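Peer 1: These protein sequence lines map, in sequence, to chains F and D.
The first sequence begins at 5 in the working numbering and counts up by one.
The second sequence begins at 5 in the working numbering and counts up by one.
2 protein chains.
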Amino acid sequence: MKPVRRSQQRDAIHKELQMRRDHPTADELYFALKDHWPALSLGTVYRNLGQLCEAGLAQRVPGNGVEHFDATVHPHPHVVCHCCGRMFDLHLPSELHTELLKQAEPFFEGKLDELLLRYGGICAACAKPAATP
Amino acid sequence: MKPVRRSQQRDAIHKELQMRRDHPTADELYFALKDHWPALSLGTVYRNLGQLCEAGLAQRVPGNGVEHFDATVHPHPHVVCHCCGRMFDLHLPSELHTELLKQAEPFFEGKLDELLLRYGGICAACAKPAATP
DNA sequence: TCAATAATAGTAATTGTTACTATTATTATA
DNA sequence: TATAATAATAGTAACAATTACTATTATTGA
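Have a look at this one:
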């Protein structure tokens, strides 16, 4: 295990990630934090997100060609909006994941230990027509 | 719609894709075809795979940071091997996909029209210990 | 057969991500 | 509290997967 020393940047990244209901990409986090951390580096965001994942404080969720990050680590389904590209949680019954894994096992000659359940659609914000001021 | 003219390369790419039980990446296809098509260009593989997908003759399946391609276009689950990175079909009951989509709808305020069901595990070939000759 | 033009090979450009390096910040200890 | 060891940073370069560009070649309808 690598030594991990505290850093203000990592705390800020973790806090921002926990705060949000969507699951931002490294880039989105970077721009969200730039305001209060003008000197922040994109590499720092990537490195710290990696460390948070290793430490079990976050998980990577593959999006549409980009990696998203989620501060909730237990496996659960997500939705990616075709329109804005944002990723959200889908709160299906929590046993679904385990059930689907067990259900699939006899159909594969080998071992299954992971399941990515990613829906695609149009989020509420994008479905709503733009307000005309 | 763009005009599509026949080409030997596209036919070869499509045939190779249909032939294989795994779902190769553009790169893997490129190297598989290089033997009989020494002048083949990687860009040509990408471009033609894109066209085949647009034409409904193939589908993209996001893998682990790389795009895989599948000549079977109806939605169905896949397995990605953690060890060799290859992607295979998982022949679960075909109605599962539609059912999971329907099941999830009431849990999302917006529209759902797509579902990626991607298992992870160790394939039979990788699970087997290497033969000692 | 031939002219119009889509497709190609080869290369350059883009994008998301990781690696490298000199400098700065953190922390355990004196 | 001061300090020394060293992890973390900012900034930049490198990288890998993919797309775009361009001069040349192949296909196809007349």
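Every residue gets a Cβ at the ideal spot worked out from N, C-alpha and C, and that includes glycine.
What you are looking at is a predicted structure, and each value in this text was computed from that prediction instead of being measured.
For Glu101(F), which beta-bridge partners are listed by DSSP?
Peer 2: For the purposes of this step, residue 101(F) is taken as residue 97 along the first sequence, with counting starting at 1. With the sequence shown as reference, residue 101(F) is identified as His, and Glu is not the correct amino acid for it. Looking at the DSSP assignment, His101(F) forms no beta bridge with any residue, so it has no partner.
Peer 1: Pop quiz: Leu46(F) and His18(F) are said to be a contact at Cβ under 8 Å. What is the actual Cβ separation, rounded to whole angstroms?
Peer 2: On the first sequence, position 42 is the one that residue 46(F) refers to. On the first sequence, position 14 is the one that residue 18(F) refers to. Contact doesn't hold; Cβ gap of about 17 Å is too wide.
Peer 1: Report the neighbours of Phe111(D) on chain F: residues whose CB is nearer than 7 Å to its CB, in chain order.
Peer 2: As a position in the second sequence, residue 111(D) is number 107, starting the count at 1. Under the 7 Å cutoff, chain F gives Leu94, His95 and Leu96.
Peer 1: Taking the beta strand (DSSP E) that Phe92(D) belongs to, which residues open and close that run?
Peer 2: Residue numbering aside, residue 92(D) sits at position 88 when the second sequence is read from its first letter. Its beta strand (DSSP E) spans residues Met91 to Asp93.
Peer 1: Mapping the DSSP letters down to three states, classify Cys57(F) as helix, strand or coil.
Peer 2: By one-based count along the first sequence, residue 57(F) stands at place 53. Note: Cys57(F) maps to helix in three-state DSSP.
Peer 1: Tell me the DSSP secondary structure of Phe112(D) in three-state form.
Peer 2: Counted from its first residue, the second sequence places residue 112(D) at position 108. Residue state, collapsed to three classes: coil.
Peer 1: Should Arg9(D) be labelled buried (16 or more other beta-carbon atoms within 10 Å of its own) or exposed?
Peer 2: As a first step, residue 9(D) must be located in the second sequence, where it is residue number 5. By the 10 Å Cβ count, Arg9(D) comes out exposed.
Peer 1: Spell out whether any CB of chain D is found under 8 Å from the CB atom of Tyr50(F).
Peer 2: What you label residue 50(F) is simply residue 46 of the first sequence in a count that begins at 1. Not closer than 8 Å to any Cβ of chain D, the Cβ of Tyr50(F) fails to qualify, so no.
Peer 1: Would you kindly work out how many angstroms separate the C-alpha atoms of Leu94(F) and Arg122(F), rounded to a whole number?
Peer 2: As a position in the first sequence, residue 94(F) is number 90, starting the count at 1. As a position in the first sequence, residue 122(F) is number 118, starting the count at 1. Between Leu94(F) and Arg122(F), the C-alpha separation is close to 9 Å.
Peer 1: I'd like to know whether the C-beta of Leu119(D) is nearer than 8 Å to at least one C-beta of chain F.
Peer 2: One-based indexing of the second sequence puts residue 119(D) at position 115. Yes - at least one Cβ of chain F is within 8 Å of the one on Leu119(D).
Peer 1: Relative to the C-alpha of Ala16(D), which candidate in Tyr34(D), Thr29(D), Arg25(D) and His27(D) has its C-alpha closest?
Peer 2: The sequence position of residue 16(D) within the second sequence is 12, counting from 1. It is Tyr34(D).
Peer 1: Applying the 10 Å Cβ sphere with the 16-neighbour rule, what's the burial state of Val70(F)?
Peer 2: Within the first sequence, residue 70(F) is the residue found at index 66, counting from 1. So Val70(F) ends up on the exposed side.
Peer 1: So the beta strand (DSSP E) Ser85(F) belongs to, where does it begin and stop?
Peer 2: On the first sequence, residue 85(F) is found 81 positions in, with the first residue counted as 1. According to the sequence displayed, residue 85(F) carries Cys and not Ser. That run of the beta strand (DSSP E) goes His82 to Cys85.
Peer 1: Val77(F) to Val49(F), Cα distance in whole Å?
Peer 2: Here the question's residue 77(F) lines up with position 73 in the first sequence. Here the question's residue 49(F) lines up with position 45 in the first sequence. One C-alpha to the other measures close to 18 Å.
Peer 1: Any beta carbon from chain D within less than 8 Å of Arg122(F)'s own beta carbon?
Peer 2: By one-based count along the first sequence, residue 122(F) stands at place 118. It does; some Cβ of chain D falls within 8 Å.
Peer 1: Taking Phe112(F) and Gly125(D) to be in contact with their CB atoms under 8 Å, please state how far apart those CB atoms are, rounded to whole angstroms.
Peer 2: The residue you call residue 112(F) lines up with position 108 of the first sequence. The residue you call residue 125(D) lines up with position 121 of the second sequence. Phe112(F) to Gly125(D), Cβ: 7 Å. Contact.
Peer 1: Look at the alpha carbon of Glu109(F) and the alpha carbon of Leu37(F), and state the distance between them as a whole number of angstroms.
Peer 2: Taking the first sequence and counting its residues from 1, the one referred to as residue 109(F) is at position 105. Taking the first sequence and counting its residues from 1, the one referred to as residue 37(F) is at position 33. Cα to Cα, the separation comes out at about 43 Å.
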